[in-house]
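Chains as they are written, first to last, in this note's numbering: chain A, 6 to 153; chain B, 6 to 153. Note that the Cβ used here is the ideal one computed from N, Cα and C, for glycine as well. Report on the following structure.
What follows is the structure, encoded as structure tokens:
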């Protein structure tokens with residue numbers, strides 16, 4: 006089975022609220038905005054969908070249940086970019102779960118939750134880079150000594 | 006805030022079980038495989054992480070809860086490719102939630118759940134294509150008349 010993902014679909018309680026958060030609050034441009042589903046391009050050949058949780062369950066043939074068993078992350082170029090993105094999310098009405106701070110893995114990150122509790126990490130990771138061919142280069146970096 | 010996702014992290018109950026499913030069952034090559042977290046490249050500049058649910062909660066500063074409020078999807082070139090990918094997932098021990106079938110949106114798709122219940126859609130969507138520059142072209146296609 007191919008090692009790929011093309012679409013991440015978030016189940017939402019109220020599509021109007023979620024659309025307002027992403028399209029207006031965060032200022033994202035929809036790829037396709039229909040009455041019952043909204044898509045955003047979030048990478049090369051990659052889209053994010055917003056779809057009512059009940060419809061998402063119906064589509065799979067099994068009820069979809071709320072929860073927070075995953076996170077979506079943006080890797081940014083600097084701690085300052087993390088701070089700015091978090092300011093924008095906060096202004097859009099996001100719930101800040103973790104204020105931007107130095108992270109155990111050696112980078113700088115914070116978390117917020119969207120209107121449905123879906124969790125986003127805003128992250129500067131010095132061990133993450135992307136080669137010209139799109140390959141992710143990921144190395145475990147030594148955490149700063151925060152104990153001493 | 007940028008319109009991008011670089012990392013999708015799935016909270017898992019038992020990392021060994023999940024690693025076995027993705028690395029051995031599905032045959033995926035890890036990008037980085039550490040004791041406590043595993044990463045796979047799943048797109049251009051995009052990675053999937055497997056991380057214990059408790060650790061994912063601790064990292065965000067708030068407990069992460071199980072649930073199925075989202076799906077990950079692969080878009081494939083043909084219905085036959087959907088069938089083949091589902092066979093591979095089934096052989097890997099996935100729970101098939103929806104056998105591959107014609108879909109309301111005009112394509113052909115099925116769903117399976119990984120060992121933690123995370124849901125994957127395998128999909129052929131005639132209305133989905135990716136331009137040379139990576140732009141997703143997504144059009145609502147007319148569903149086949151399955152009522153008549």
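Option in the options with minimal Cα separation from residue i
i, options, result
"residue 119 of chain B", "B/144, B/72, B/82", "B/72"
"residue 137 of chain A", "B/44, B/39, B/15, B/49", "B/49"
"residue 51 of chain A", "B/40, B/56, B/55, B/11", "B/11"
"residue 121 of chain A", "A/142, A/21, A/9", "A/21"
"residue 59 of chain B", "A/145, A/53, A/58, A/74", "A/74"
"residue 142 of chain A", "B/107, B/37, B/70", "B/37"
"residue 100 of chain A", "A/70, A/126, A/44", "A/126"
"residue 56 of chain B", "B/16, B/76, B/84", "B/16"
"residue 116 of chain A", "A/76, A/140, A/9", "A/76"
"residue 6 of chain B", "A/39, A/26, A/8", "A/26"
"residue 83 of chain B", "B/93, B/113, B/139", "B/113"
"residue 128 of chain B", "B/144, B/111, B/70", "B/111"
"residue 144 of chain B", "A/44, A/70, A/8", "A/44"
The ligand HEM heavy atom lying under 6 Å from the CB of residue i
i, result
"residue 19 of chain A", "With respect to the ligand HEM, the structure shown offers nothing to examine, as it has no ligands at all."
Residue i versus residue j: straight-line alpha-carbon distance, rounded
i, j, result
"residue 46 of chain A", "residue 78 of chain A", "15 Å"
"residue 149 of chain B", "residue 109 of chain B", "Legend: pLDDT at residue 149 of chain B = 46, less than 50; position of this residue unreliable, value from coordinates given subsequently. Each residue's alpha carbon lies about 7 Å from the other."
"residue 153 of chain A", "residue 42 of chain A", "Residue placement at residue 153 of chain A cannot be trusted, given a pLDDT of 35 that sits under 50; what the coordinates show is reported in the next sentence. Straight-line Cα distance between these residues: approximately 50 Å."
"residue 19 of chain A", "residue 98 of chain A", "15 Å"
"residue 89 of chain A", "residue 34 of chain A", "19 Å"
"residue 135 of chain B", "residue 81 of chain B", "12 Å"
"residue 102 of chain A", "residue 131 of chain B", "39 Å"
"residue 39 of chain A", "residue 91 of chain B", "29 Å"
"residue 29 of chain A", "residue 23 of chain A", "10 Å"
"residue 93 of chain A", "residue 107 of chain A", "19 Å"
"residue 32 of chain A", "residue 8 of chain B", "9 Å"
Anticipated Cβ contact below 8 Å, residue i with residue j, distance rounded
i, j, result
"residue 95 of chain B", "residue 65 of chain A", "Contact doesn't hold; Cβ gap of about 16 Å is too wide."
"residue 68 of chain A", "residue 87 of chain A", "Their Cβ separation, rounded to whole angstroms, is 36 Å, which puts residue 68 of chain A and residue 87 of chain A out of contact at 8 Å."
"residue 14 of chain B", "residue 62 of chain B", "Contact doesn't hold; Cβ gap of about 12 Å is too wide."
Under 8 Å by beta carbon: chain B residues contacting residue i
i, result
"residue 93 of chain A", "6"
"residue 140 of chain A", "46"
Beta-carbon neighbours of residue i, restricted to chain B and to distances below 7 Å
i, result
"residue 103 of chain A", "65, 66"
"residue 124 of chain A", "65"
Chain-ordered neighbours of residue i on chain B, where CB pairs are closer than 9 Å
i, result
"residue 13 of chain A", "10, 13, 75, 76, 77, 78"
"residue 34 of chain A", "8"
Contacts of residue i in chain A (Cβ-Cβ under 8 Å)
i, result
"residue 22 of chain B", "The premise fails here: residue 22 of chain B is roughly 15 Å from chain A at the closest Cβ pair, so nothing lies under 8 Å."
Where in the stretch 42 to 79 of chain A do unbroken runs of the beta strand (DSSP E), each at least 3 residues long, occur, reported from the N-terminal end onward?
43 to 48, 51 to 57
Can you list, in chain order, the stretches of the beta strand (DSSP E) that have 3 or more residues and sit fully within the stretch 84 to 150 of chain A?
100 to 107, 113 to 118, 124 to 129, 133 to 135, 141 to 143
Going along the stretch 104 to 119 of chain B in order, which residues come within less than 7 Å of chain C, judged by CB to CB distance?
In the structure shown, chain C cannot be found, because the protein chains are A and B.
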